[in-house]
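Each remark here refers to the structure printed beneath this line.
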Amino acid sequence: MTITLALPSKGRLKEQALEVLEKAGLKVILPKDQRNYRAQVEGDSKIDILFLSASEIARELGYGSVDLGVTGEDLIRETLSAADERVQIEARLGFGHADVVVAVPEVWYDVSTMADLDDVAAEYRQRHGRRLRIATKYWRLTQQFFSQMHGIQVYRIVESLGATEGAPASGSADIIVDITSTGSTLQANHLKVLEDGIILKSEACLVSSRRSADPAGVAALAQRIQAAMAHG
Amino acid sequence: MTGSRAPAFASDLAALISARDAELVDIPVIQPADQFLDMAGEDLRRRIFLTENENGQSLCLRPEFTIPVCRNHIELNAATPKRYAYLGEVFRQRREGGNEFFQAGIEDLGDANRARADARSLADAIASIRLVAPKAELETLLGDQAIFEAVLAALGLPRGWQKKLARAFGNPGQLKSLLADLSSSQKNGFLPDRLTALVADSDEAGLAAALEEDMQVAGLSPGAGRSPHEIARRLIEKANLASVKLPAQAFAALETFLAIRVPLQTASTHLRNFSRANEFDLGPALDQFEARVVAVREAGIEQENIVYDAAFGRPLDYYTGLVYETRALANPDLGAIVGGGRYDRLLTMLGAVDSIPGVGFSIWLDRLEKIAGDAR
């Protein structure tokens with residue numbers, strides 16, 4: 001039985017994922033044709049490598065159509081409902097660090113916590129006759145954090161497809177939920193992260209699907225990579 | 233109109249509710265989604281079936297009846313008082329089990345005699361259950377948002393805290409953590425030096441002007457979202473609140489209040505004793521509560537097991553007074569068979585020009601069918 005391992009198809013994530021595999025003694029033979037999205041591991045015909053976009057990897061793990069994958073925890077938790085029932089995080093890989101955060105305009109000096117935001121959101125509707133708008137790509141994470149964790153109900157999510165940090169200045173939203181690694185983009189846009197506004201500290205993870213047809217094979221491969229990670 | 237999937241008793245139930253002086257209305261299954269999200273909050277989004285039309289307008293399958301019935305009333309500009317009855321399917325996403333449920337209910341709009349309308353709503357709801365499950369052992373839990381707000385006011389809490397706690401009514405976890413917060417002090421976060429003095433002097437106009445400059449630097453339009461004045465006012469309010477603490481005595485009184493859970497017949501006496509012991513004046517809220525207890529007695533449902541629970545509420549900001557739900561004691565896992573309440577703010581929020589009081593209930597027919605079957 002072969003095991004399908006999905007890797008990010010481009011950029012730094014792809015490079016670093018390949019390095020991790022190599023440390024575990026799994027050398028991926030890249031296809032000569034860059035447009036080919038399948039590859040093999042040197043000397044191991046039982047592993048199929050599949051290159052996909054990071055968010056597709058999350059979705060396919062949820063379906064169980066790939067057995068293992070390397071992708072960001074943010075994408076796992078955003079793409080899959082009840083993620084922990086469908087997939088398992090086998091290892092945190094130490095790269096691709098990014099925090100999903102709640103950020104508000106710096107000039108909102110009266111707002112430094114989610115409790116402040118709760119007050120502001122309730123007052124906002126009464127004063128402006130509409131809900132406070134949050135621009136984000138992270139619909140599910142935002143909803144869980146605001147509604148379930150903090151009991152804030154009166155807001156509206158405005159889906160943002162890019163340059164979320166510009167939404168308050170362009171007037172399409174009041175605040176944002178976005179990823180940040182250094183905070184410099186937020187700062188340049190005069191936004192600040194709330195004290196208790198870190199929704200998730202994300203990094204690239206090795207993730208297994210709980211719907212895999214070969215759980216033993218998946219566990220063995222995951223263990224091999226975990227062991228390599230532990231030895232640095 | 234109910235189709236073959238409706239429980240066998242559906243037409244008898246429709247006859248019962250429409251015979252109670254209520255016009256049976258037909259509400260379209262496909263509804264604009266925003267009205268529900270605006271009223272119930274974003275949390276509803278994952279529980280409704282959403283779609284879009286060609287113009288990008290969000291539509292959904294009817295998740296409940298109260299809001300569209302009220303909207304319909306406003307659009308028709310109908311005269312009040314007016315009572316509407318409905319029976320039909322609602323659609324909710326759930327992880328397990330079905331997604332389509334039948335609901336029936338009555339919305340009573342514009343009756344100025346609130347105590348009588350409240351009691352009537354309770355009586356209608358219980359009569360609907362009794363039609364199908366005459367022998368089931370029921371418990372009706374009754375709460376009152378107005379009493380809770382009157383207690384908060386009587387405690388002498390600052391307005392900001394009152395509003396915050398009132399929003400958490402009916403959500404015990406949130407209420408508890410808020411109370412813990414209020415027992416310790418809160419203060420403003422980082423503030424640039426040039427603003428500190430303006431806040432200390434409570435100079436709202438000066439502060440707003442300074443904030444407006446900051447907004448321009450940041451490229452924010454001062455007219456688009458929160459205005460400089462809103463921010464200035466809240467900064468000053470917060471600075472003033474930072475020096476106030478919730479006194480231990482007030483804290484204890486609030487806890488005593490929230491623990492009150494007594495049969496409705498004795499609830500007025502309990503509330504009177506509670507307010508006397510704490511030297512509170514609960515004012516018109518208590519008068520209204522007592523008038524409702526009398527009206528319930530007159531409505532002939534006093535043999536029913538109705539319990540006043542001071543902590544029972546719904547954390548939705550359009551509920552203003554009475555909230556209630558009826559459960560079957562033999563089927564605790566089923567949840568509420570009926571939920572109801574008074575929503576005097578809802579019609580204004582939906583765009584009515586005049587303030588129109590309203591009270592209503594809905595019955596989950598699948599749950600009702602279950603308890604009828606079990607009790608037989």
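Just so you know, the protein sequences line up as chains U and W, in that order.
Residue numbering for the first sequence follows my numbering, starting at 1 and increasing by one per position.
Residue numbering for the second sequence follows my numbering, starting at 233 and increasing by one per position.
Quick reminder that beta carbons are idealized off the backbone N, C-alpha and C, glycines included.
A quick note: this is a predicted structure, and the numbers were derived from the prediction, not measured.
- Query: Around the Cβ of ILE299(W), are there at least 16 other Cβ atoms within 10 angstroms (buried) or fewer (exposed)?
  - Reply: buried
- Query: Of all the residues that make up the stretch 138–160 of chain U, which are near chain W by a beta-carbon distance shorter than 9 Å?
  - Reply: TRP139, ARG140, THR142, GLN143, PHE146, SER147, GLN148, HIS150, GLY151, ILE152, GLN153, VAL154, TYR155, ARG156 and ILE157
- Query: Residues of chain W with a CB under 8 Å from the CB of ASP178(U): which are they?
  - Reply: By Cβ distance, chain W contributes nothing, its closest Cβ being about 17 Å from ASP178(U), past 8 Å.
- Message: Between ARG465(W), VAL261(W) and ILE338(W), which has its C-alpha nearest ALA442(W)'s C-alpha?
- Response: ARG465(W)
- Item | Interface positions of the stretch 307–335 of chain W facing chain U (Cβ-Cβ less than 9 Å), listed along the chain | ARG327
- Under 9 Å by beta carbon: chain W residues contacting TYR124(U): GLY457, ARG458 and GLU462
- Task: Please say whether GLY573(W) and VAL585(W) have beta carbons closer to each other than 8 Å?
- Result: no
- Write down every uninterrupted run of the alpha helix (DSSP H) in the stretch 311–369 of chain W whose length is 4 residues or greater and which is fully enclosed by it, in chain order. 346–364
- Can you tell me whether PHE422(W) is buried or exposed, with buried defined as 16 or more other CB within 10 angstroms of its CB? exposed
- Got a sec, what are the start and stop residues for the alpha helix (DSSP H) ARG59(U) sits in? 54–63
- Message: I'd like the list of long-range same chain contacts for LEU430(W), defined as Cβ closer than 6 Å, with 5 residues on each side in sequence excluded.
- Response: GLY438 and LEU439
- Which residue spans inside the stretch 496–525 of chain W form an unbroken alpha helix (DSSP H) run of at least 4? 496–509
- Message: Taking the straight line between their C-alpha atoms, what separation do you get for GLU296(W) and VAL383(W)?
- Response: 32 Å
- Message: Taking DSSP's pairing of strands, which residues face ARG156(U) in a bridge?
- Response: ARG133(U)
- Query: Are the beta-carbon atoms of ALA568(W) and ALA368(W) separated by less than 8 Å?
  - Reply: no
- Under 8 Å between C-beta atoms, does ASN537(W) make it to chain U? no
- Query: Which residue's Cα is closest to the Cα of SER353(W): VAL555(W), PRO366(W), ARG294(W) and SER434(W)?
  - Reply: VAL555(W)
- Where LYS14(U) sits in the DSSP three-state scheme: helix
- Item | Interface positions of the stretch 43–75 of chain U facing chain W (Cβ-Cβ less than 9 Å), listed along the chain | none
- Quick one: give me the first and last residue of the alpha helix (DSSP H) that LEU186(U) is part of. 184–188
- Query: First and last residue of the beta strand (DSSP E) that includes TRP108(U)?
  - Reply: Element bounds for TRP108(U): n/a, residue is neither H nor E.
- Query: For GLU193(W), which residues in chain U fall below 9 Å Cβ to Cβ?
  - Reply: Because chain W spans 233 through 608 in this model, residue 193(W) falls outside it and cannot be assessed.
- Task: Determine the DSSP secondary structure at PRO215(U), reduced to helix, strand or coil.
- Result: helix
- Test: GLU78(U) CB closer than 8 Å to a CB of chain W: no
- Query: Would ALA234(U) count as contacting chain W if we go by Cβ distances under 8 Å?
  - Reply: Residue 234(U) lies beyond the stretch modelled for chain U, which goes from 1 to 232, so this question has no answer here.
- Item | ASP270(W) CB to nearest heavy atom of the ligand GDP below 7 Å | Absence of the ligand GDP from the depicted structure is noted, as is the absence of any ligand whatsoever, leaving it without description.
- Item | C-beta neighbour in chain W for ARG127(U), strict 8 Å | yes
- Task: Say whether the stretch 129–143 of chain U touches the stretch 63–71 of chain U, bearing in mind that this needs 3 or more beta-carbon pairs closer than 8 Å, one atom from each stretch.
- Result: no
- Counting contacts by CB-CB distance shorter than 8 Å, is THR164(U) in contact with chain W? no
- Task: State yes or no: is the beta carbon of LEU423(W) nearer than 8 Å to at least one beta carbon in chain U?
- Result: yes
- Message: For a contact defined as C-beta to C-beta under 8 Å, what are the partners of LEU443(W) on chain U?
- Response: VAL107 and TYR109
- Message: Can you pull the chain W neighbours of ALA24(U), defined as C-beta to C-beta under 9 Å?
- Response: Within chain W, no residue comes near ALA24(U); the closest Cβ sits about 36 Å away, beyond 9 Å.
- Query: What runs of the alpha helix (DSSP H), each 4 residues or longer, lie entirely inside the stretch 531–604 of chain W?
  - Reply: 578–581
- Message: Is it the case that the stretch 113–121 of chain U contacts the stretch 81–93 of chain U, given that we only count it when at least three CB pairs across the two stretches are under 8 Å?
- Response: no
- Determine which residues of the stretch 272–300 of chain W have a Cβ less than 9 Å from any Cβ of chain U, and write them out in chain order. ALA272, GLY273, GLU274, ASP275, LEU276, ARG277 and ARG278
- Query: Taking the alpha-carbon positions, what's the GLY457(W) to ARG130(U) distance?
  - Reply: 10 Å
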